[in-house]
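Engineer: So the sequence lines, in the order shown, correspond to chains A and S. Quick note on my numbering: the first sequence kicks off at -9 and runs consecutively. Quick note on my numbering: the second sequence kicks off at 2 and runs consecutively. We treat Cβ as the ideally placed atom computed from N, Cα and C, and that holds for glycine. Source: prediction; values computed, not measured. So that we are looking at the same thing, I have put the structure below in structure tokens.
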Amino acid sequence: MNAVDLAPTNGDNPDWDSGTAELGHILKPGQLDLSHKVILYLEDITVSFDGFRALNKLSLTIDAGELRCIIGPNGAGKTTMMDVITGKTRPDEGTVFFGQTIDLTRLSEPEIAHSGIGRKFQKPTIFENHTVFENLELAMKTDKRVWRSLFATLDSAAGDRIAETLQLIRLATDADRLAGLLSHGQKQWLEIGMLLMQEPKLLLLDEPVAGMTDEETERTGELFLSLAGRHSLVVVEHDMAFVKQLGGKVTVLHEGSVLAEGSLEEVQADQRVIEVYLGR
Amino acid sequence: MRPSPARTPFIVRLGSSFDARSWRLIGLFAAFALIAVPVMHLALPADHPLHLSTWFITLVGKILCYAIVAVAMDLIWGYGGILSLGHGLFFALGGYGFGMYLMRQIGRDGSYQSDLPDFMVFLDWKELPWFWIGSDSFLWAVLLVLVVPALIAFIFGYFAFRSRIKGVYFSIITQALTYAAMLLFFRNETGFGGNNGFTDFKRILGHPITAPETRVVLFALSALALIGTLLLARYLVRSKFGRVLTAIRDAESRVMFIGYNPLWYKLCAWTLSAVLCAIAGALYVPQVGIINPSEMSVGNSIEIAIWVAVGGRGTLIGPVIGAFLVNLAKSWFTVSFPEYWLFFLGTLFIVATLYLPQGVVGLWARLRAGRRRGEGAAAGTTSAAAAKGVGA
């Protein structure tokens, strides 16, 4: 079973179902090793900005195929954590591993994206002067080096994939509109669509439903639930109703480290979490 | 872009960069430059009303070279969002590279009747410095024109873009670069003629450089180079490469997080832009007959940005129009009111920045859209096209 082909083989014996961490399995360079069923390890991550510790010995693991929600008050370090995973910020201390073998602290942002991590920003970040179609086209998983881009043409399989994603994010009728003209919620969806075009194994979603209507929020939740299993998702969110809808494990961050972890009911019952959220 | 029929030959894709109307305009321009100008200059007697004077050929030929620089600038500024205020350097380097060949072509016809260029005799140098070796060969000169600016642009760009230097910081560093180069070239010891630069050229490939025939050929070559530059730039900005480049301009972090390395995209556009400037410089020098370090002055490079801003950034044809408008105005002003030229240029830049964000091309598109709306036609498509920047 080739780990690279993870996304298309939905439930069809992906790596983390294949039993034990076998000794002796062959791994190609750059291939994601999920033999221990864990996709992401953060260990003792510390990040300081001018003496302020945004992350303080943060340790966290995400299982393959998991849908994890991360909550926490403002300044808890949620966005910094995503910056560390995607290579935007280098940790002062600690290790970040993607699967068993890929050390993310050694890779650049584009290399991390290629290894299979997609990121949605807090503020929708799309290419406003490109059409919706072009946004998806640029995001599509392909050879992204200069030389190939100079002569790239779109084959019909790629066209089909874009059409499929357009359906999924409900922007099929807006394909030729400039992305800058979309509503806020539509921009959020477009960015999620761009992430999906990358075929990432791990999706990091920073407040994906901010500014969406209730109906849009619910549809987003359904989409995420359908993605879990094939992909691993980490969702940072403030909207507790949305977190509840997603239903997965919840991690509470506070002052740069993990305060509590468990189901939403468990963490909501946790005395320390209540203190942090309500103040002492 | 929508899926195209599989495997369209590259040459067809290159051809489809422009629509039929643009191709007709280009054909018209080519016919003017390659047929009409030679006939009107060489065949018609000097007192004929349609005769084109040497002054006209030189002026327009010069502006054609400037237009190439403007398109090269638009490629990185309009589409890549990288404002270079040091593009004069690459233009001048191309000029110097070809100027070395022209100096060697003077042969023993210089004031000192020496094999060495006059300025070397004047400095009492006995032999050619190492970097002049091979400069008597035309092909070597062409190689110098292309490779030296490319190498400098590549190395400079690599470090600047890798360090993620952007915006105004990048612009200031490019200014410093061209200024430093100017000071270096001012020195006699550098070996490029000091503040006098190169001049008094006699021949090019054995043909007298001031002969009308030579002028006409240089004019035609400049026109062809401009057409080639436009075609190449248009292909690039319509390719996926161009879409990534504009994406970098608009949201660089998003580009990185979907797996493109902006460094190589910027570097490729930047280096290509520098080489195009160098080609323009090499065509410019034999037409005006002189190259000196003042071409590297900061003001010259800023002027390039003004041509692009006035014409319309991110439109390719706009910078060509801008280069013509500003330079025609300049040649009129510097004769009639030389002392007011800089004031006019400054005012023009401010007006273009404040009121014409899309330059004259944007203004034209807006007027046309307004008229269409007046006629009750759907103007949505036009304003969308205007927002994206109308191509040639």
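Quick check on the DSSP output: what are the complete alpha helix (DSSP H) runs of length 4 or more inside the region 67 to 105 of chain S, in order along the chain?
Structural biologist: For the alpha helix (DSSP H) assignment, the region 67 to 105 of chain S encloses no uninterrupted run of at least 4 residues.
Engineer: Residue 261 of chain S touches chain A at which residues, Cβ-Cβ below 7 Å?
Structural biologist: 100, 134
Engineer: Let me confirm a value: residue 113 of chain S is counted as buried when at least 16 other C-beta atoms fall within 10 Å, else exposed. Which label applies?
Structural biologist: Classification of residue 113 of chain S: exposed, given that the 10 Å Cβ count is below 16.
Engineer: Please list the terminal residues of the continuous alpha helix (DSSP H) segment that includes residue 227 of chain S.
Structural biologist: 213 to 239
Engineer: Helix, strand or coil, according to DSSP, for residue 44 of chain S in the structure here?
Structural biologist: helix
Engineer: Does any residue of chain A have a CB that is nearer than 9 Å to the CB of residue 255 of chain S?
Structural biologist: yes
Engineer: Is the region 163 to 183 of chain S close to the region 293 to 309 of chain S, with three or more CB pairs under 8 Å?
Structural biologist: yes
Engineer: I want to see whether chain S comes within less than 9 Å of residue 104 of chain A, judged by CB atoms only; does it?
Structural biologist: yes
Engineer: Between the region 229 to 242 of chain S and chain A, which residues of the former have CB atoms less than 8 Å from a CB of the latter, in chain order?
Structural biologist: 237, 240, 241, 242
Engineer: Confirm, please, whether the CB-CB distance from residue 75 of chain A to residue 116 of chain A is below 9 Å.
Structural biologist: No. Outside cutoff.
Engineer: Could you work out which residue in S/284, S/345, S/317 is closest to residue 66 of chain S when comparing CA atoms only?
Structural biologist: S/284
Engineer: Run down chain A in chain order and give the residues with a C-beta less than 8 Å from the C-beta of residue 266 of chain S.
Structural biologist: 136, 139
Engineer: Would residue 71 of chain A pass as an interface residue toward chain S - the criterion being a Cβ-Cβ separation below 9 Å?
Structural biologist: no
Engineer: Can you pull the chain A residues whose beta carbon is under 9 Å from the beta carbon of residue 224 of chain S, in chain order?
Structural biologist: By Cβ distance, chain A contributes nothing, its closest Cβ being about 26 Å from residue 224 of chain S, past 9 Å.
Engineer: Excluding the 5 residues flanking residue 253 of chain S on each side, which residues of the same chain have their C-beta closer than 6 Å to its C-beta?
Structural biologist: 263
Engineer: Please report how far the alpha carbon of residue 146 of chain S lies from the alpha carbon of residue 98 of chain S, in whole angstroms.
Structural biologist: 5 Å
Engineer: First and last residue of the beta strand (DSSP E) that includes residue 275 of chain A?
Structural biologist: In the structure as shown, chain A begins at -9 and stops at 270. Residue 275 of chain A is therefore absent and cannot be evaluated.
Engineer: When the Cβ atoms of the region 268 to 286 of chain S are set against those of the region 36 to 50 of chain S, are three or more pairs found closer than 8 Å?
Structural biologist: no
Engineer: Comparing the C-beta of residue 64 of chain A with each C-beta of chain S, is any distance below 9 Å?
Structural biologist: Taking Cβ atoms only, chain S never reaches closer than 9 Å to residue 64 of chain A, which makes this a no.
Engineer: So the beta strand (DSSP E) residue 306 of chain S belongs to, where does it begin and stop?
Structural biologist: Per DSSP, residue 306 of chain S belongs to no beta strand (DSSP E); it is in the alpha helix (DSSP H), 299 to 312.
Engineer: Going by the beta-carbon positions, is the gap between residue 47 of chain S and residue 312 of chain S smaller than 9 Å?
Structural biologist: no
Engineer: For residue 162 of chain S, which residues from the same chain have a beta carbon less than 8 Å from its beta carbon, with the 5 sequence-adjacent residues on both sides left out?
Structural biologist: 263, 264, 267, 268, 271
Engineer: From residue 168 of chain A to residue 137 of chain S, what distance separates their C-alpha atoms?
Structural biologist: The straight-line gap from Cα to Cα measures roughly 54 Å.
Engineer: Residues of chain S with CB closer than 8 Å to the CB of residue 116 of chain A, please, in chain order.
Structural biologist: What residue 116 of chain A touches in chain S: 252, 255.
Engineer: Among S/242, S/23, S/37, which residue has its Cα nearest to the Cα of residue 218 of chain S?
Structural biologist: S/37
Engineer: Taking only beta-carbon atoms, is residue 119 of chain A less than 9 Å away from chain S?
Structural biologist: yes
Engineer: Which one or two residues does DSSP pair with residue 250 of chain A in a beta bridge?
Structural biologist: Per DSSP, A/242.
Engineer: Which residue wins for smallest C-alpha separation from residue 190 of chain S, given the options S/257, S/248, S/120?
Structural biologist: Minimum Cα distance to residue 190 of chain S is reached at S/120.
Engineer: Decide yes or no for the touch test of the region 319 to 330 of chain S against the region 20 to 32 of chain S: beta carbon pairs closer than 8 Å, at least 3 of them.
Structural biologist: The region 319 to 330 of chain S makes no contact with the region 20 to 32 of chain S; the number of CB pairs closer than 8 Å stays below 3.
Engineer: Name the two residues that bound the continuous beta strand (DSSP E) containing residue 52 of chain A.
Structural biologist: DSSP places residue 52 of chain A inside the beta strand (DSSP E), whose first and last residues are 42 to 53.
Engineer: Cutting at 8 Å between CB atoms, please list the residues of its own chain near residue 354 of chain S, excluding the five before and the five after it.
Structural biologist: 310
Engineer: Distance cutoff 9 Å, beta carbons only. Does residue 188 of chain A sit that close to anything in chain S?
Structural biologist: yes
Engineer: Please name the residue, chosen from A/246, A/24, A/223, A/243, that lies closest to residue 237 of chain A on a Cα-to-Cα basis.
Structural biologist: A/223
Engineer: Quick check on residue 13 of chain S: buried or exposed, where buried means 16 or more other Cβ atoms within 10 Å of its Cβ?
Structural biologist: exposed
Engineer: Please confirm whether residue 244 of chain S has its beta-carbon closer than 9 Å to some beta-carbon of chain A.
Structural biologist: yes
Engineer: Which value, in whole angstroms, describes the spacing of the CA atoms of residue 170 of chain S and residue 73 of chain S?
Structural biologist: 20 Å
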